[in-house]
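Quick mapping for you: the protein sequence lines, in order, are chains Y and A. Taking the numbering used here, the leading residue of the first sequence gets 144, the next gets one more, and so forth. Taking the numbering used here, the leading residue of the second sequence gets 144, the next gets one more, and so forth.
Number of protein chains: 2
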Amino acid sequence: MIIAVDAAGGDHYPKNPILGALEAIKEFDNLTILLVGPEKLVQSELSQHYYEQSRIQILDAPEVVDMTDSASSALKQKPNSSIAKGIALHKQGHCHGFVSAGNTGVLLAASMFILGKLEGISRPTIATYYPSLEGFRLIIDAGANLEIKPEMALQFALMGQVYAKEIMGIEQPRVGLLNVGEEEGKGTELLNEIYVMLQQIPSFIGNVEGRDILVPKADIYITDGFMGNVVLKLGESLPGILKTLVWQKIKQTSSTPEMLRFVQQIFSEALAPFDYERVGGLPFLGVNGTSVVGHGGSSPTAIKNMIKVAIDCVEHSINDKIIASII
Amino acid sequence: MIIAVDAAGGDHYPKNPILGALEAIKEFDNLTILLVGPEKLVQSELSQHYYEQSRIQILDAPEVVDMTDSASSALKQKPNSSIAKGIALHKQGHCHGFVSAGNTGVLLAASMFILGKLEGISRPTIATYYPSLEGFRLIIDAGANLEIKPEMALQFALMGQVYAKEIMGIEQPRVGLLNVGEEEGKGTELLNEIYVMLQQIPSFIGNVEGRDILVPKADIYITDGFMGNVVLKLGESLPGILKTLVWQKIKQTSSTPEMLRFVQQIFSEALAPFDYERVGGLPFLGVNGTSVVGHGGSSPTAIKNMIKVAIDCVEHSINDKIIASII
């Protein structure tokens, strides 16, 4: 298996992508990594580590896409970026997948335009993991499609079911439509049309509300990318906010060092379900290839886990199964 | 000051509305309460308590609006409900405001149709308090208008500013537009049109993201009622979910009773900002009267705090100030 890694993506490049790649080759057998990025920069970081040299190669991509670059212009203005070259490499069959903690919009655009859409898919989507009392569940769409249509919602749900079943090990993933109330007929005309469309799915459980997400009442929450993005970022902000609130209280309380350690341990373990590092990232669903995107702040372990996601998607033939699932 | 209280609203009527009313007359001078609900039921609960009898009156409203009744039919089918009669009482000038923990949709419909809209307001709205590191802030709209237009968004922001200034004591409330990115131009065409409209407000700080809400980066977050409702209910579910996560960890850990008490104390105090009971409820903004709605599960203290909100709105002449603020 050959996975290409964006060595110029994310807030901590080239260090974190390279450290993540090194973790990955230690953990996964038969894996070769192509590091795509400015050659000298990558070489300089890589030379500081010991590793099995035959398993890591560098592909020069001198241009760097910034996190603020717009999807519409970055591909034209920076044709030699790590994203453009990495996805092209994948298109040409030189690797099985591409992994990036870089600019999501640019990666999505590159994946759609260079790799193309899977047969029968009207719009590719990006899902996000969301924490719950029973582990991560999926919210689709997480920002790729700010407005959605009923046909798109149905395809999102079907693609999400393939992913949840194959990669997350959820046998019959329940699909819920995020809405303002549980009863059929709640919400806008569009939400009602989506509801009717989703009824084609046997494990569609109907409307779900904001309070159901963390329970979790469904395994896949269908919504538009505006909602998905805001809810995702709100969730990501929670651990930091809660730690601050707890810390403020601790400072006001007299306690022994032993008690403080206990509180800190309980809290950090209780908040572990909110730790996005464990999953790293998710592939775009519906593109003709394996293109995994992760958080800009990804740690080396998060990058390693993104590489794992790419490997899993290839080994489980996710795309073939998505094509077969489309009604 | 005379405030009418829906004695047949919420999940725990008539008990909680009545206990809340009794708390209120103890705490606030010169306050008379009209309890609106099925007379015998209300009388039976009320007779179990000692109170200053001249300060609480009962108005019979034999029909009860259920939490699942639709706004469109409940007013026609149940003309003698506590909501219909309470709002009519207010319209006729027999009380200064009406407070209910009952069906939000029916109360909004009654408030709009019976009280009418304030001069110059295109659509009344409902705001929600949202917790943050610096106390509660406002999200508008919280579910009254699932789809919004730029003119509506501007009026929501102006009404929210009057409320935040007068009732929450925030001197120059910052207005943010909830979006998928910070830069101008992010989001849908509609979000861009709203952005341009909101630029008329001097303290408009631009787009804000999901991660900014709990910080808080703004004092008033403008969004549509679909987003507001989902984010509100997600926030309401958080304390329970976090308590479960902490409890699960504690059970797996060996600890002394003293340590357990310490963790529980720190935790419940740290989560206090998420406690909606402290605020009780919010008035509909833009209706020609004072109509305060609270959570169905409102405790007596939450009901008392809703009565306080109604008193504050009247004393601060919120509606006159809203009319004066509209551009």
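Built from N, CA and C at the ideal position, the CB exists for glycine as well.
If you follow the beta strand (DSSP E) that residue i is in, where does it begin and where does it stop?
| i | result |
| --- | --- |
| Y272(Y) | 268-273 |
| I146(A) | 145-149 |
| L258(Y) | L258(Y) -> no beta strand (DSSP E), and no H or E assigned at all. |
| G312(A) | Element bounds for G312(A): n/a, residue is neither H nor E. |
| S434(A) | 434-437 |
Tell me which residue opens and which closes the alpha helix (DSSP H) that residue i is part of.
| i | result |
| --- | --- |
| I337(A) | 332-341 |
| T387(Y) | 368-394 |
| S411(Y) | 400-413 |
| P443(Y) | 443-458 |
| Y265(A) | Sequence inspection shows Ser at residue 265(A); the Tyr mentioned does not correspond to that position. Per DSSP, S265(A) belongs to no alpha helix (DSSP H) and is neither H nor E. |
| S254(A) | Segment: none, S254(A) is in no alpha helix (DSSP H) and carries neither H nor E. |
| S468(Y) | 461-468 |
Since residue i and residue j are thought to touch, with beta carbons under 8 Å apart, how far apart are those beta carbons, to the nearest angstrom?
| i | j | result |
| --- | --- | --- |
| H239(Y) | V457(Y) | 5 Å |
| K447(Y) | E166(Y) | 4 Å |
| A151(A) | A204(A) | 7 Å |
| V430(A) | K292(A) | With a Cβ gap of about 19 Å, V430(A) and K292(A) do not count as contacting. |
| V179(Y) | S225(Y) | 4 Å |
| D172(A) | P160(A) | At roughly 21 Å, the Cβ-Cβ gap does not stay under 8 Å, so D172(A) and P160(A) are not in contact. |
| V406(A) | V422(Y) | 28 Å between Cβ atoms; not a contact. |
| N350(A) | E325(A) | 5 Å |
| I356(A) | L357(Y) | Not a contact, Cβ separation roughly 16 Å. |
| V452(A) | G424(A) | 6 Å |
| T268(Y) | F299(Y) | 5 Å |
| E195(Y) | I168(Y) | 6 Å |
| S398(Y) | S254(Y) | About 51 Å separates the two Cβ atoms, so there is no contact after all. |
| L202(Y) | K228(Y) | 7 Å |
| P181(A) | V208(A) | P181(A) to V208(A), Cβ: 12 Å. No contact. |
| I393(Y) | L377(Y) | Not really, about 24 Å apart at Cβ, beyond 8 Å. |
| I469(Y) | E309(Y) | Rounded, the Cβ-Cβ distance is 15 Å, inconsistent with contact. |
Counting only beta-carbon atoms, is residue i nearer than 8 Å to chain B?
| i | result |
| --- | --- |
| A300(A) | The structure shown contains no chain B; the protein chains it does contain are Y and A. |
Sorted by chain position, which residues of the same chain lie with C-beta nearer than 6 Å to residue i's C-beta, five sequence neighbours on each side aside?
| i | result |
| --- | --- |
| D362(A) | R280, A307, I313, P316, R317 |
| G368(A) | D284, G286, A287, N288, L289 |
| I282(A) | T271, Y273, Y364, G371 |
| F347(Y) | V318, L341 |
| L375(Y) | T271, A285 |
| I199(Y) | I176 |
| T444(Y) | E420 |
| G163(A) | P443, I446, K447 |
| L334(A) | N322 |
| S190(A) | none |
| G330(Y) | N322, V323 |
| Y338(A) | L320 |
Sort out for me which residues DSSP pairs residue i with in a bridge.
| i | result |
| --- | --- |
| G319(A) | G349(A), Y364(A) |
| R280(A) | Y273(A) |
| V358(A) | DSSP output for V358(A) lists no bridge partner at all. |
| F427(Y) | I269(Y) |
| G153(A) | Partner(s): none; G153(A) has no beta bridge. |
Which same chain residues, not among the five before or five after residue i, have their C-beta less than 7 Å away from its C-beta?
| i | result |
| --- | --- |
| E410(A) | According to the sequence provided, residue 410(A) is Phe. The question's Glu does not apply to it. For F410(A), where only same-chain residues beyond five positions count, the Cβ hits under 7 Å are V389. |
| L184(A) | P157 |
| E188(Y) | P157, K158, I161 |
| I257(A) | I230, A231, K234 |
| H192(Y) | L165 |
| N223(Y) | A204, P205, E206 |
| S265(A) | E294, M295, Q298 |
Sorted by chain position, which residues of the same chain lie with C-beta nearer than 8 Å to residue i's C-beta, five sequence neighbours on each side aside?
| i | result |
| --- | --- |
| M210(Y) | D154, G245, N246, G439 |
| E352(A) | L321, N322, V323, G324, E325 |
| I146(Y) | A167, L174, T175, I176, L177, C238, H239, G240, F241, V242, I450, A453, I454 |
| H459(A) | E309, I310 |
| L276(A) | L357, V358, P359, P416 |
Ignoring anything shorter than 4 residues or poking outside the stretch 162-249 of chain Y, list the alpha helix (DSSP H) runs there in chain order.
-> 182-189, 214-220, 225-234
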